[in-house]
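Engineer: Residue 65 is where the sequence shown starts when you use my numbering, and the numbers rise one by one after that. Even for Gly, the Cβ is constructed at its ideal location relative to N, Cα and C.
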Amino acid sequence: MKFVFAFASLACLLSACSPSSPERPPMSSLTVSINESPEKLLRDNTGQIKVTQQGPGVNFYTAHWAQQNPGSVTIAHGKYTLTIPYVLGFQGMEESRAPSEGIVQYEVFAGITAPDLIGHDEARKKLFALLQAIRKAGWTPFIERDDPRIRGEQRLDYVIRNSSASSLDPDYEPSFTEWMALEDLSKWTFYADHTYLAVAFKREASLRDPVKPGSYLLTYTVMGENQHFRTYVAPKDRDRWKELLPGVIKELQEQRQRAEQGWRAKGARIDETYNDPPVPRF
């Protein structure tokens with residue numbers, strides 16, 4: 065299920081309307097894991113999470129931090145565990161059609177650094193340090209199943225020109241000019257042990273002058289394997305996603321083959337060593 069969540073205060077957060085504090089207390093923290101039960105989530109983070117019902121059997125689990133006093137969220141995932149700093153907001157969601165899967169998706173909203181404003185080139189460098197930390201934690205880059213397996217600058221060119229919704233290569237650090245050309249919600253996606261992690265960014269629209277400081281918001285989206293594959297089918301077909309998935313995967317593979325033929329004709333190098341994460345067996 066594609067899920068989009070926006071705090072009412074995000075505009076304020078991005079425009080740096082909250083005052084900065086020169087002395088920041090230690091970050092308060094949450095620890096979560098994908099597919100854990102709501103009861104465990106609440107028990108492990110007592111008093112920090114609010115439960116909101118959004119319809120029969122659909123609960124959302126949220127937490128907020130002030131911009132001058134951000135928090136941190138640890139994604140507990142065995143040897144792939146990582147901690148997200150400078151967190152401003154958090155939300156977990158259940159899938160009403162699969163209550164046994166517990167919390168199937170988390171979204172974490174965070175700054176790149178604690179200060180409200182940051183130079184655009186510093187933001188570029190800081191974000192890529194975060195991406196490399198994710199890589200060092202053992203997460204592997206993910207390429208959408210219908211996309212050509214191209215890397216680096218060619219991948220960047222493909223995303224900018226052809227598919228802004230596709231994932232970028234976290235092992236390629238764009239130049240400052242390339243960085244400023246990336247659209248809001250450009251993302252990098254990773255995979256580790258049946259779990260998917262996407263990192264996207266958004267710039268404050270009024271602070272895009274490349275020679276002046278800007279303001280950035282990062283969105284980390286963590287999905288369990290089943291939830292990831294549910295998004296491969298139309299919302300109206302989600303009850304039948306297991307039945308429909310094999311046909312969808314076959315079609316995506318064919319689209320990739322056609323795309324790679326086109327890129328080979330242009331002289332591009334296809335990364336034959338890349339293998340898609342496994343598809344669940346039912």
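Where does Ser85 fall in DSSP's three states?
Structural biologist: Note that Ser85 has pLDDT 42, beneath the 50 cutoff, so the model's placement of it is unreliable and no number is given.
Engineer: Does Glu307 come out as helix, strand or coil in the three-state DSSP assignment?
Structural biologist: Helix, per DSSP.
Engineer: Determine the DSSP secondary structure at Phe346, reduced to helix, strand or coil.
Structural biologist: DSSP places Phe346 in coil when its eight states are reduced to three.
Engineer: State buried or exposed for Ser270, treating a residue as buried only when at least 16 other CB atoms are found within 10 Å of its CB.
Structural biologist: With fewer than 16 other Cβ atoms within 10 Å, it is exposed.
Engineer: Pull the bridge partners of Ser101 from the DSSP assignment, please.
Structural biologist: Ser101 is not bridged to any residue.
Engineer: Quick test of your reading: Val286 and Ile139, contact by CB under 8 Å. State the CB separation rounded to the nearest angstrom.
Structural biologist: About 6 Å; that satisfies the 8 Å criterion.
Engineer: By how many angstroms is the C-alpha of Val172 removed from the C-alpha of Phe71?
Structural biologist: In this predicted model, Phe71 has a pLDDT of only 37, less than 50, meaning its place in the structure is not dependable; the value taken from the coordinates is given anyway. Going by the C-alpha atoms only, they are around 11 Å apart.
Engineer: Could you spell out where the beta strand (DSSP E) holding Val223 opens and where it closes?
Structural biologist: No beta strand (DSSP E) holds Val223; the alpha helix (DSSP H) holding it covers 216–225.
Engineer: Does the separation of the CB atoms of Phe254 and Leu246 fall below 8 Å?
Structural biologist: For Phe254 and Leu246, no; Cβs fall outside 8 Å.
Engineer: Between Asn99 and Val151, is the Cβ-Cβ spacing less than 8 Å?
Structural biologist: It is not a contact, given that the beta carbons lie outside the stated cut-off.
Engineer: Could you give the C-beta distance for Thr283 and His141, rounded to a whole number, given that I count them as a contact under 8 Å?
Structural biologist: That belief does not hold up - the Cβ atoms of Thr283 and His141 are roughly 18 Å apart, past 8 Å.
Engineer: In angstroms, rounded to a whole number, what distance separates the CA positions of Pro344 and Ala264?
Structural biologist: Taking the straight line joining both Cα atoms gives about 26 Å.
Engineer: To which residues does DSSP link Lys251 through a beta bridge?
Structural biologist: The partner list for Lys251 (beta bridge, DSSP) reads Ser231, Ala264.
Engineer: Going by DSSP, name the residue or residues bridged to Phe124.
Structural biologist: DSSP lists Thr116, Met157 as partners of Phe124.
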